[in-house]
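Data first, discussion second: the structure below is written as structure tokens.
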Amino acid sequence: MRTLRPGQRTTVLIGGPDAAEPTVVHETDEILLEAPNWTADGRLLLNGEGRLFALDLATADLAEIPFEGLPDINNDHVLHPDGEHILMSAQDGQIYRGALTGGPVEAVTEGEGGHFLHGISPDGRRIAYVDVDERWIGRVIVQDLATGARTEVPTGHGHVDGPEWTPDGAWILCSSEAFTSTPGHAQITRVRADAPDAAPEAPRPPVNADAPTFDEARGDGPQHLLTSGTVDWFPHPSPDGRWASYLSYPAGTLGHPEDRPVVVKLVELPDWSRPVRQYPVPGGQGTINVNSWAPDSTRFAFVAYPFS
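Just so you know, the sequence shown maps onto residues 988 to 1295 in the numbering used here.
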């Protein structure tokens, strides 16, 4: 579990299309907070020390949401479209659903491996998460919340992470290594939410098995949205579908580590290549792992971890 290093602090910021510079809304040197979500009633939900906290933007008060039976959580947590619940990935490898007011939680996944939640379909019926264990690269699984049925989405070669639906429900955005020969060099891609080759989840192939092939022109595999020299993670569309935020690491970065010089970028869709805002911050892991857009699509939140 991450904690602040000596001399380090958590800085919660807000940026957006009309913000040349981000605004600081909270700072603390007492707890490392990560991965904000923005609720309809004007709060930011952030994890810290394995728990979930609510930051009231009107009063700046930070308060823990008291869940019952919830293991320590990580920074993969997503608001349900019903506005009343949140789904959270826990350190025991499972995903849990709880009310925004706290109280008992229920597990929505089961089995071995790690389930890292990043997306909930706009209708609230399905979740998209990365299924990993200590032996394999990540794969995207879509699960029906009512039936528990799980479908593996074809994402091509290499590791994939951060699956998140577009607001129209047509696509799942990802950070993927499908278009690079350099391990760890993530690029922003998308795959159809109901991909033609999607199939019921199957046992993992042998470690040396070839990844499935795909025909990009036919639309049955990942589509490359941004070619860049940076390592690009966690694309998050705004609720109205006009904007997207994402995180860029310097070239050569492997994965999405903490405490790096990163840039939070904002683009106007469909053009991913020309950021309209760029916010350099010290951060990385925890900065913007999940969707943090305000419901009105005018602002989004992120976290920096500067040293004194």
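C-beta: ideal position from N, C-alpha, C; glycine also.
What would DSSP say about residue i, mapped onto helix, strand or coil?
i, result
"Ser-1232", "strand"
"Val-1011", "strand"
"Tyr-1292", "coil"
"Asp-1197", "Bear in mind that a pLDDT of 41 at Asp-1197, under 50, signals an unreliable position, so the number given afterwards is only what the model happens to contain. It is coil, neither helix nor strand."
"Asp-1227", "coil"
"His-1243", "coil"
"Ala-1047", "coil"
"Leu-1253", "strand"
"Ala-1041", "strand"
"Gly-1002", "strand"
Please say whether residue j and residue i have beta carbons closer to each other than 7 Å?
i, j, result
"Pro-1105", "Glu-1151", "Note that residue 1105 corresponds to His in the displayed sequence, not to Pro. Yes, the pair counts as a contact, with Cβ atoms nearer than the cut-off."
"Leu-1212", "Thr-1176", "yes"
"Asn-1276", "His-1223", "no"
"Leu-991", "Leu-1019", "yes"
"Ile-1124", "Tyr-1116", "no"
"Leu-1031", "Ala-1288", "yes"
"Gly-1035", "Ser-1295", "no"
"Val-1290", "Val-999", "yes"
Tell me which residues share the same chain as residue i and place their Cβ nearer than 7 Å to its Cβ, disregarding the 5 neighbours each side in the sequence.
i, result
"Ser-1076", "Ile-1060, Asn-1061, Asp-1063, His-1064, Ile-1082, His-1102, Phe-1103 and Leu-1104"
"Pro-1262", "Lys-1252, Leu-1253 and Val-1254"
"Pro-1091", "Glu-1055 and Gly-1056"
Cα-Cα, which of the options is closest to residue i?
i, options, result
"Thr-1134", "Leu-1033, Arg-1113, Pro-1244 and Val-1251", "Arg-1113"
"Ser-1284", "Trp-1259, Pro-1293, Pro-1269 and Leu-1253", "Leu-1253"
"Arg-1038", "Arg-1030, Thr-1026, Gly-994 and Glu-1055", "Glu-1055"
"Glu-1097", "Thr-1088, Arg-1084 and Thr-1015", "Arg-1084"
"Ser-1215", "Ala-1238, Thr-1088 and Trp-1230", "Ala-1238"
Leaving out five residues before and five after residue i in sequence, what residues of the same chain have Cβ atoms less than 8 Å from its Cβ?
i, result
"Trp-1158", "Trp-1152, Arg-1177, Val-1178, Arg-1179 and Ala-1180"
"Gly-1111", "His-1067, Pro-1068, Asp-1069 and Leu-1132"
"Gly-1156", "Ser-1108, Pro-1109, Asp-1110 and Ala-1180"
"Gln-1078", "Met-988, Gly-1037, Pro-1058, Asp-1059, Ile-1060 and Asn-1061"
With a threshold of 6 Å on Cβ separation, who are the neighbours of residue i within its own chain once the five nearest residues in sequence on each side are excluded?
i, result
"Gly-1171", "Leu-1241 and Gly-1242"
"Pro-1267", "Val-1250"
"Gly-1145", "Glu-1164 and Ala-1165"
"Met-988", "Gly-1037"
*Within the stretch 1065–1117, note down every full beta strand (DSSP E) run reaching 3 residues or more, in order along the chain.*
1072–1077, 1082–1086, 1090–1094 and 1101–1107
*What runs of the beta strand (DSSP E), each 3 residues or longer, lie entirely inside the stretch 1125–1191?*
1137–1140, 1147–1152, 1158–1163 and 1174–1179
*Would you mind listing the beta strand (DSSP E) stretches within the stretch 1260–1286 that are 3+ residues and don't spill past its ends, in chain order?*
1264–1270
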